[in-house]
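Heads up: the sequence shown runs through residues 1 to 611, numbered per the UniProt record's numbering. We put the beta carbon where it would ideally sit given N, CA and C, even for glycine. Quick caveat, the model's predicted, so the values are computed rather than measured. Single-structure report; data block below.
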Amino acid sequence: MATPTNYQPKDTSIEDPDTKQSAGEAQSYDLEDPSRQNVHDEVAGADNLHRSMKSRHIQMISIGGVIGTGLFLGTAQSLANGGPLGLMLGFFVMGTVVWNVMASLGEMVAHLPIAGGHVTLAKRFVDSSLSLTMGYNYFYNWAIVLPAELSASAILVNYWNKRVNNAVWITIFLVIVGLINLGGGRFYAEFEFWFASIKVVTIVGLIILGIILDAGGGPDHDPIGFRYWHNPGPFAQYLGIKGSLGQFLGFWSVLIQASFSYIGTEITAITAGEAKNPKKSLPSAIKGVAVRICMFYILGTFVIGLLVPSNDPRLNIESHDAASSPFVIAIQNSGIKSLPSVINAALLSSAWSAASSDMYTSSRALYGLALAGNAPAVFMKTTRWGLPWVCLLASTAFALLAYMSVGSGGAGQVFGWLSTMSSVTGILTWVGILITYIRFDAGVKAQNIDREQFPYKSFLINGHWDTATFITGYLPIVVFILLYFISKYHQKRIGARTTIVGVHEMDFITDSRDEARDGPDDDGTMGEKKTLAEKFKELPSHFLVLPIVIIHHLNVECNPYRTRLRSGPGGSGNTRLDTGSGRVADDRNPTRYPTGSLAYHSENQQSSIII
Numbered sequence: 001m002a003t004p005t006n007y008q009p010k011d012t013s014i015e016d017p018d019t020k021q022s023a024g025e026a027q028s029y030d031l032e033d034p035s036r037q038n039v040h041d042e043v044a045g046a047d048n049l050h051r052s053m054k055s056r057h058i059q060m061i062s063i064g065g066v067i068g069t070g071l072f073l074g075t076a077q078s079l080a081n082g083g084p085l086g087l088m089l090g091f092f093v094m095g096t097v098v099w100n101v102m103a104s105l106g107e108m109v110a111h112l113p114i115a116g117g118h119v120t121l122a123k124r125f126v127d128s129s130l131s132l133t134m135g136y137n138y139f140y141n142w143a144i145v146l147p148a149e150l151s152a153s154a155i156l157v158n159y160w161n162k163r164v165n166n167a168v169w170i171t172i173f174l175v176i177v178g179l180i181n182l183g184g185g186r187f188y189a190e191f192e193f194w195f196a197s198i199k200v201v202t203i204v205g206l207i208i209l210g211i212i213l214d215a216g217g218g219p220d221h222d223p224i225g226f227r228y229w230h231n232p233g234p235f236a237q238y239l240g241i242k243g244s245l246g247q248f249l250g251f252w253s254v255l256i257q258a259s260f261s262y263i264g265t266e267i268t269a270i271t272a273g274e275a276k277n278p279k280k281s282l283p284s285a286i287k288g289v290a291v292r293i294c295m296f297y298i299l300g301t302f303v304i305g306l307l308v309p310s311n312d313p314r315l316n317i318e319s320h321d322a323a324s325s326p327f328v329i330a331i332q333n334s335g336i337k338s339l340p341s342v343i344n345a346a347l348l349s350s351a352w353s354a355a356s357s358d359m360y361t362s363s364r365a366l367y368g369l370a371l372a373g374n375a376p377a378v379f380m381k382t383t384r385w386g387l388p389w390v391c392l393l394a395s396t397a398f399a400l401l402a403y404m405s406v407g408s409g410g411a412g413q414v415f416g417w418l419s420t421m422s423s424v425t426g427i428l429t430w431v432g433i434l435i436t437y438i439r440f441d442a443g444v445k446a447q448n449i450d451r452e453q454f455p456y457k458s459f460l461i462n463g464h465w466d467t468a469t470f471i472t473g474y475l476p477i478v479v480f481i482l483l484y485f486i487s488k489y490h491q492k493r494i495g496a497r498t499t500i501v502g503v504h505e506m507d508f509i510t511d512s513r514d515e516a517r518d519g520p521d522d523d524g525t526m527g528e529k530k531t532l533a534e535k536f537k538e539l540p541s542h543f544l545v546l547p548i549v550i551i552h553h554l555n556v557e558c559n560p561y562r563t564r565l566r567s568g569p570g571g572s573g574n575t576r577l578d579t580g581s582g583r584v585a586d587d588r589n590p591t592r593y594p595t596g597s598l599a600y601h602s603e604n605q606q607s608s609i610i611i
């Protein structure tokens, strides 16, 4: 058998004791060690994408991935199903899930900003099968959402003009989206920067307007407050099911709908292969996810719950344009007539932006599959400016499915089925990311890698499990709860009262007055408060001159050549003490000194005290 040219026989005659490692000791690796780099040459050497996206591009792509039609339109059905409090809680709970997914993903892609994002990382930290499954699942998700967004854009145009066939608008939008992506990653990022800016301005403006309307600042001057939290109530009865079960099902419905609205936040990982300075821009974008979720979704859903009652029939209108937006419903209720068209224009730009992102993401996911060896090598071809043009053509082919939505009958129904399937694929992507991160975390601990070397670290992963620390930290909580309920049980057994004291039964009289405790003070008073003037009169007289002494002392220290009049025993009012030289000068002497301050001067010491 031929020996490889780079083969080095192991010398077993000499063993360095400094490098000897015990069987149970973990080896610590330096991430900057060249021998530990490029261990996955099949991925690192094949990437031909250009790193042209700036930090501001990554930031706005991350924001644009969070804000979408789910916030503008999808919240209408969620409000009807869950009520105002159920709506906000559902988006908050799912927001914490998304934040954990992004924190896990951020630690991996910030350390390894490679093309394909989580699709490629799954092969490195789990296996090729998971990478293949995640890759095709992710590609299918965005390849199918792309024609759905094109179709939604055409429907939004119908808000102004219904005479033109939707196929015309789909063609126009498809050509524009295709041209944007043909320009490469930098060209797409620049357009997405401005699209995302429009979405941010829109949602921030709607939230501010909503607060003004709730306070009664609209044309009708009707302060709403929390009116709709009382009637029809904070929770809705889902499908008419009464009681707590119907309220829980309504909250659960919102939870599922919120997950679909959050899908797309992980797009930041796909841009890792084209980010110019990924180890700085990616951590910054990931850290802002929690803030954006709270600002846009939690605050947005809170305002929606204040403005629109959950039983408003317009929330269930399936028009898919601005007419079904809860923001538009609130604006119409207040008497404002011009803003719905502005909001519809913002929704159109949002759908347009989403279609552009869908084409970009699906093409890069397919490119990541090819890099991992799970797709034909033809999909690895790129232009000289780093555009995976074969992958882009494949994504464009799926975009043609948008024309199925125009037809009636079977074609439109099939397209609806395909779009529905894409909703679940987004959640499966999050599951794959978390599985990859669990393996990533296990590898970091097994190889004793210091996380401080990573550009970004996930939260709540520092240290290791310690049973004693867990018990001592949480045992008091358990004991507190047990003592309370054990006491309740004991009170019940002996026949004592077990209910909470009623507000009208509370005793505010007994023990409120005790002569032994509340007797007169040392001055004979009963604790009456004195005025400021009375307290000032009681001060000793020397306290009154103390501020003057301090001010004079500072005055002398600042000017050592200042002189002071000498007065007192053996002296006259015409002599001065030169504080700079210690000499006594006469005012009648032609020598002039700066004027000083009136003072008592002692013959035995050259110091003075101002009175």
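Around the beta carbon of T420, fewer than 16 other beta carbons lie within 10 angstroms, which makes this residue exposed. In this structure, A143 places its C-beta atom within 9 Å of the C-beta atom of D358. Under the 8 Å Cβ criterion, the segment 103-120 does not count as touching the segment 322-329, having fewer than three qualifying pairs. With contact defined as three or more Cβ pairs closer than 8 Å, the segment 385-404 and the segment 77-94 are not in contact. Taking a C-beta distance under 9 Å as the contact criterion, H118 and Y138 qualify as a contact pair. In the three-state reduction of the DSSP assignment, A152 falls in the helix class, which pools H, G and I. Just measuring C-alpha positions, the residue of L369, I494 and G335 sitting nearest L132 is L369. In the structure shown, the three-state DSSP call for M88 is helix.
Two segments are said to touch when three or more pairs of C-beta atoms, one from each, lie closer than 8 Å; by this definition the segment 300-308 touches the segment 207-215. Taking the Cβ atoms as the reference, I58 lies roughly 7 Å from L282, within the contact range of under 8 Å.
Taking P84 as reference, the option from L182, H230 and L130 with the minimal CA-CA separation is H230. Relative to G82, the option among W252, V66, S52 and I155 whose CA is nearest is W252. Straight across, the Cα-Cα distance linking F485 with K492 is about 10 Å. If you compare the alpha carbons of S356, I267 and F173 with that of L392, the shortest gap goes to S356. When only Cα atoms are considered, R227 and K280 end up about 46 Å apart.
The Cβ atoms of S284 and S423 do not sit closer than 9 Å to each other.
Between the alpha carbons of K488 and D507 lies a gap of roughly 21 Å.
Linking P234 to V201 through their CA atoms gives a straight-line distance of about 29 Å. DSSP places C391 in the uninterrupted alpha helix (DSSP H) bounded by W389 to A399. DSSP, read as helix, strand or coil, puts M60 in helix.
In the DSSP assignment, M421 is bridged to no other residue. The segment 264-280 makes contact with the segment 94-104; the number of CB pairs closer than 8 Å reaches 3 or more.
The alpha-carbon separation between L156 and W385 amounts to approximately 34 Å.
Take the alpha-carbon of P113 and the one of F260: they are about 26 Å apart. A distance below 7 Å between beta-carbons, with the five flanking residues on each side excluded, links I198 to the following residues of its chain, in chain order: A346 and S349.
For A275, the pairing in a beta bridge is given by DSSP as M53. Annotation: Q77 to L307 spans about 15 Å, alpha carbon to alpha carbon. Between L73 and S325 a beta carbon distance of about 6 Å is seen, short of the 8 Å cut, so the two are scored as contacting.
Distance from the CA atom of I61 to the CA atom of I293, rounded to whole angstroms, is 14 Å.
The shortest C-alpha to C-alpha distance from E274 to any of R364, P340, R314 and G250 is the one to R364. When DSSP states are grouped into helix, strand and coil, E190 belongs to the helix group.
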